[in-house]
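J.: So that we are looking at the same thing, I have put the structure below in structure tokens.
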Amino acid sequence: MTTRSLPSSEDAPRSDCVFCRIVKGEIPCHKVYEDKEYLGFLDITPRNPGHSLIVTKRHYRWVDDAPQFGSYFEAAKRVGLALKSAMGALSVSYLTLGNEVPHAHIWVVPRYRDDGHGGVIDWKLVKQIPPEEMKRIASLLSKGINTSV
Ligand SMILES: [Zn+2]
1117 MTTRSLPSSE DAPRSDCVFC RIVKGEIPCH KVYEDKEYLG FLDITPRNPG
1167 HSLIVTKRHY RWVDDAPQFG SYFEAAKRVG LALKSAMGAL SVSYLTLGNE
1217 VPHAHIWVVP RYRDDGHGGV IDWKLVKQIP PEEMKRIASL LSKGINTSV
């Protein structure tokens, strides 16, 4: 029988994971939210202005691998409420798919009047938002987040 080293912890940061690298600050992001467990930032392929991703700071494969499912969605809701109050979103869609990046993330997508998406979000409709505008949106959102919600 051969000896093997113990497998690394499930939730240890991974150098090949883009979201782990964002959490570690190795890849820049437009941050909108942060607490002890979660980080929120603007999606670089936004389906609407303010479209954010909420990721676990630890590496979990799926959203329901995160130990605190409730607080995870509470964090997403804080960003969603800020999208309404600071960005004028009419509603917010909270989505989890998880196939694009293998690290838990919740999509928080604001919906606006005549935003081109129709009844459901058109995934192929990526909005072109200049970097300065992304920066302005991130600032607006982070200021609009009520951490006591
Ligand atoms: Zn990761």
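Residue numbers (the numbering used here): 1117 to 1265. Backbone N, C-alpha and C define an ideal beta-carbon position, used for all residues, glycine too.
Quick one: give me the first and last residue of the alpha helix (DSSP H) that GLU1248 is part of.
T.: On the sequence shown, residue 1248 is found 132 positions in, with the first residue counted as 1. Start and end: 1247–1260.
J.: Taking the alpha-carbon of GLU1248 as reference, which of VAL1242, LYS1193, LEU1256 has the nearest alpha-carbon?
T.: Here residue 1248 corresponds to residue number 132 of the sequence shown, with the count starting at 1. Comparing Cα positions, the closest option is LEU1256.
J.: Tell me which residues pass a beta-carbon proximity test against ligand 1: closer than 6 Å to any heavy atom, given in chain order.
T.: The set, ordered by position in the chain, is ARG1130, CYS1133, PHE1135, CYS1136, HIS1175, HIS1219.
J.: If VAL1195 sits next to ALA1220, beta carbons under 8 Å apart, how far is it from one beta carbon to the other, in whole angstroms?
T.: For this step, residue 1195 is matched to residue 79 along the sequence shown. For this step, residue 1220 is matched to residue 104 along the sequence shown. That pair is no contact at about 15 Å.
J.: Take ILE1237 as the anchor and find which of MET1250, TRP1223, ILE1245 has the nearest alpha-carbon.
T.: For the purposes of this step, residue 1237 is taken as the residue at position 121 of the sequence shown. Minimum Cα distance to ILE1237 is reached at TRP1223.
J.: Below 6 Å CB to CB, which residues in the same chain sit around GLY1156 once its five sequence neighbours on both sides are set aside?
T.: Translated into positions along the sequence shown, residue 1156 becomes position 40. For GLY1156, where only same-chain residues beyond five positions count, the Cβ hits under 6 Å are VAL1148, TYR1149, SER1168, ILE1170, VAL1195.
J.: If PRO1165 sits next to ILE1245, beta carbons under 8 Å apart, how far is it from one beta carbon to the other, in whole angstroms?
T.: Taking the sequence shown and counting its residues from 1, the one referred to as residue 1165 is at position 49. Taking the sequence shown and counting its residues from 1, the one referred to as residue 1245 is at position 129. Yes, they are in contact, since the Cβ atoms of PRO1165 and ILE1245 sit about 6 Å apart, within 8 Å.
J.: Measuring alpha carbon to alpha carbon, tell me which residue in PRO1218, GLU1216, LEU1197, GLY1214 is nearest VAL1208.
T.: Taking the sequence shown and counting its residues from 1, the one referred to as residue 1208 is at position 92. The shortest C-alpha separation from VAL1208 is found at LEU1197.
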